[in-house]
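Trainee: Below you'll find the structure I mean.
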Amino acid sequence: MQSEFLINALSVHLPPILRWAGVIARRLRSHNISVATKTTGSALTDALTLADLTIQELLVAALRDVDPIFRHCRIEAEESTGDLDAFAQESEFVLALDPIDGTKQYRDHTGNGYAVMLHLRTASEMLYSLVYIPEKGVQGWWVEVTPERVVSGPDDWLRPATDVVRSLVVAEADRPTTSNKIYVIGFQHRDVMAASEITKCGYEGVAPDEMPGSIYELMASGEFAGSLIHSPNVYDFPVSMQIARYFGGNACWTDTGEPVHFRETWLDEKADMIRLPRVVACANDPQILAGLINLAKSWHPARYRPGDSLVE
Numbered sequence: 068m069q070s071e072f073l074i075n076a077l078s079v080h081l082p083p084i085l086r087w088a089g090v091i092a093r094r095l096r097s098h099n100i101s102v103a104t105k106t107t108g109s110a111l112t113d114a115l116t117l118a119d120l121t122i123q124e125l126l127v128a129a130l131r132d133v134d135p136i137f138r139h140c141r142i143e144a145e146e147s148t149g150d151l152d153a154f155a156q157e158s159e160f161v162l163a164l165d166p167i168d169g170t171k172q173y174r175d176h177t178g179n180g181y182a183v184m185l186h187l188r189t190a191s192e193m194l195y196s197l198v199y200i201p202e203k204g205v206q207g208w209w210v211e212v213t214p215e216r217v218v219s220g221p222d223d224w225l226r227p228a229t230d231v232v233r234s235l236v237v238a239e240a241d242r243p244t245t246s247n248k249i250y251v252i253g254f255q256h257r258d259v260m261a262a263s264e265i266t267k268c269g270y271e272g273v274a275p276d277e278m279p280g281s282i283y284e285l286m287a288s289g290e291f292a293g294s295l296i297h298s299p300n301v302y303d304f305p306v307s308m309q310i311a312r313y314f315g316g317n318a319c320w321t322d323t324g325e326p327v328h329f330r331e332t333w334l335d336e337k338a339d340m341i342r343l344p345r346v347v348a349c350a351n352d353p354q355i356l357a358g359l360i361n362l363a364k365s366w367h368p369a370r371y372r373p374g375d376s377l378v379e
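If you count by the working numbering, then the sequence shown holds residues 68 to 379, one letter each, in order.
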């Protein structure tokens, strides 16, 4: 199976599916839909709602039914709902989905940057990403990423979703970096400290509670330069990496400087998530990426540990 067939099928079928999922998310948000299952000790990780479960059920069923090509992919889903057995158990192509990225913000009504998202990748390459932010703008907001284009812009419910996404203006790949804002997450109770260390280096570290929206839209628009994340999960973070690569940057492990790949992951049993190991820096600009790698090269590789220090 060739990747271009999968990319084309996703670009055709996925926009209306994510738009429908976004409408459901907006509606369910007005109800008490919290679910208590995860116990990592991090409020950001442990937040779970019926919307996460319902939307994943919808996304998985839609992928199963709209085109048989998707069944040849392996599914990596943040939750366990849906007919996951309908998809390949072994495949070079992975469809990874996050039914609601930013669940704590979504559940607690502390912001509108939550998103419904899905991406396609192999062990080393990012092939396609689509993000729908239901409550940005009047009718939602799109971010679509391929190796050839990054687009970001408002939805229009009077037009077919696929037509809207295809009509968005492509960002220039050689666009100069004008922001020094870096999103920081994953360091548990040390997030604010990590953001402060980034700021001391001449950038502007932004901890989760200070985020003004979705990191994918913010990186696509250039409002944020990148992120520094401890053991990012494989469902949402790779979209940031694909955006960075389009603009000439990348995502790298800070201890080795090696570009991120997906041959090395671990199961976070506390959160029931698959994660990349150690600290990962991601930036649109290679110089900023190098600065983040140098800053965090000696930071502790373990996500869960006692103490307040960032270093080993």
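Positions of the beta carbon are idealized from the N, C-alpha and C atoms, including for glycine.
These numbers come from a predicted model, not from an experiment.
In this structure, how does DSSP classify HIS186 when only helix, strand and coil are distinguished?
Mentor: Translated into positions along the sequence shown, residue 186 becomes position 119. Correct three-state label for HIS186: strand.
Trainee: In chain order, what residues of the same chain have a beta carbon less than 8 Å from the beta carbon of ILE91, not counting five sequence neighbours either side?
Mentor: If you number the sequence shown from 1, residue 91 lands on position 24. These residues qualify, in order along the chain: ALA118, THR121, ILE122 and LEU125.
Trainee: Please report how far the alpha carbon of ALA274 lies from the alpha carbon of ASP375, in whole angstroms.
Mentor: Within the sequence shown, residue 274 is the residue found at index 207, counting from 1. Within the sequence shown, residue 375 is the residue found at index 308, counting from 1. So the two alpha carbons sit approximately 16 Å from each other.
Trainee: Quick check: the Cα distance between TYR195 and THR213, rounded to an integer number of angstroms?
Mentor: Taking the first residue of the sequence shown as position 1, residue 195 is located at position 128. Taking the first residue of the sequence shown as position 1, residue 213 is located at position 146. Distance between the alpha carbons of TYR195 and THR213 is about 5 Å.
Trainee: With DSSP as the reference, label TYR250 as helix, strand or coil.
Mentor: To locate residue 250, count along the sequence shown from 1; it is residue 183. If DSSP states are grouped into helix, strand and coil, TYR250 belongs with the strands.
Trainee: Starting from the C-beta of VAL251, find all residues in its chain whose C-beta is less than 6 Å away, skip the five residues before and the five after it, and write them out in chain order.
Mentor: On the sequence shown, position 184 is the one that residue 251 refers to. For VAL251, where only same-chain residues beyond five positions count, the Cβ hits under 6 Å are ASP258, ALA261, ALA262, GLY272, ALA274 and LEU295.
Trainee: Report the residue ranges of all beta strand (DSSP E) runs contained in full by the segment 134–191; include only those spanning at least 3 residues, in chain order.
Mentor: Those beta strand (DSSP E) runs which fall completely within the segment 134–191 and span 3+ residues are 141–144, 161–168 and 182–188.
Trainee: If distances are taken between C-alpha atoms only, which option among MET340, PRO353, VAL205 and ALA287 comes closest to CYS392?
Mentor: As shown, the chain starts at 68 and ends at 379. That puts residue 392 outside it, with no answer to give.
Trainee: Considering ASP258, what are the terminal residues of the alpha helix (DSSP H) in which it resides?
Mentor: Counting from one through the sequence shown, the residue named residue 258 turns up at place 191. Its alpha helix (DSSP H) spans residues 258–267.
Trainee: The beta strand (DSSP E) with HIS80 in it runs from where to where?
Mentor: On the sequence shown, residue 80 is found 13 positions in, with the first residue counted as 1. Not the beta strand (DSSP E): HIS80 falls in the alpha helix (DSSP H), residues 70–95.
Trainee: If I follow the unbroken alpha helix (DSSP H) through ARG312, where does it start and stop?
Mentor: Within the sequence shown, numbered from 1, the residue matching residue 312 stands at position 245. 304–313 is the span of the alpha helix (DSSP H), which, as asked, contains ARG312.
Trainee: Could you name the residues that DSSP lists as bridge partners for ALA350?
Mentor: The sequence position of residue 350 within the sequence shown is 283, counting from 1. GLY293 and ASN317.
Trainee: Might you give, ordered along the chain, the residues of its own chain that have their beta carbon closer than 6 Å to the beta carbon of VAL370, omitting 5 neighbours on each side?
Mentor: Locating residue 370 in the sequence shown gives position 303, counting from the first residue. This sequence places Arg at residue 370; Val is not what is there. Contacts found: HIS297 and SER298.
Trainee: In its own chain, which residues sit with a C-beta less than 6 Å from the C-beta of SER219, not counting the 5 before and 5 after it?
Mentor: Within the sequence shown, residue 219 is the residue found at index 152, counting from 1. Answer for SER219: VAL210, GLU284, ALA287 and SER288, listed in chain order.
Trainee: With H, G and I counted as helix, E and B as strand and the rest as coil, what does DSSP make of LEU194?
Mentor: Along the sequence shown, one-based indexing puts residue 194 at 127. Three-state result, LEU194: strand.
Trainee: Can you have a look at SER109 and say buried or exposed, based on whether 16 or more other CB atoms are within 10 angstroms of its CB?
Mentor: In the sequence shown, the residue the question calls residue 109 occupies position 42. Note on SER109: pLDDT 44, under 50, position unreliable in the model; the coordinate value appears next. It counts as buried.
Trainee: To the nearest angstrom, how far is it from the Cα of ALA128 to the Cα of LEU162?
Mentor: As a working mapping, residue 128 is identified with position 61 in the sequence shown. As a working mapping, residue 162 is identified with position 95 in the sequence shown. Cα to Cα, ALA128 sits roughly 13 Å from LEU162.
Trainee: Let me know the secondary structure DSSP gives THR229 once reduced to three states.
Mentor: Counting from one through the sequence shown, the residue named residue 229 turns up at place 162. Helix.
Trainee: Within the segment 318–343, note down every full beta strand (DSSP E) run reaching 3 residues or more, in order along the chain.
Mentor: Those beta strand (DSSP E) runs which fall completely within the segment 318–343 and span 3+ residues are 333–335 and 340–342.
Trainee: Going by alpha carbons, who is nearest to MET184 out of PRO326, PHE137 and ILE200?
Mentor: For the purposes of this step, residue 184 is taken as residue 117 along the sequence shown, with counting starting at 1. Of the listed residues, the one whose Cα sits closest to MET184 is ILE200.
Trainee: Among ASP339, PRO326 and ARG312, whose alpha-carbon lies nearest the alpha-carbon of ALA240?
Mentor: Residue mapping note: residue 240 aligns to position 173 of the sequence shown, counting from 1. The shortest Cα separation from ALA240 among ASP339, PRO326 and ARG312 belongs to ARG312.
Trainee: Put GLU277 into one of helix, strand or coil per three-state DSSP.
Mentor: Your numbering for residue 277 matches position 210 in the sequence shown. GLU277: helix per DSSP, three-state reduction.
Trainee: My assumption, with CB atoms under 8 Å, is that SER246 sits in contact with ALA292. Please give the rounded CB distance.
Mentor: As a working mapping, residue 246 is identified with position 179 in the sequence shown. As a working mapping, residue 292 is identified with position 225 in the sequence shown. That pair is a contact at about 5 Å.
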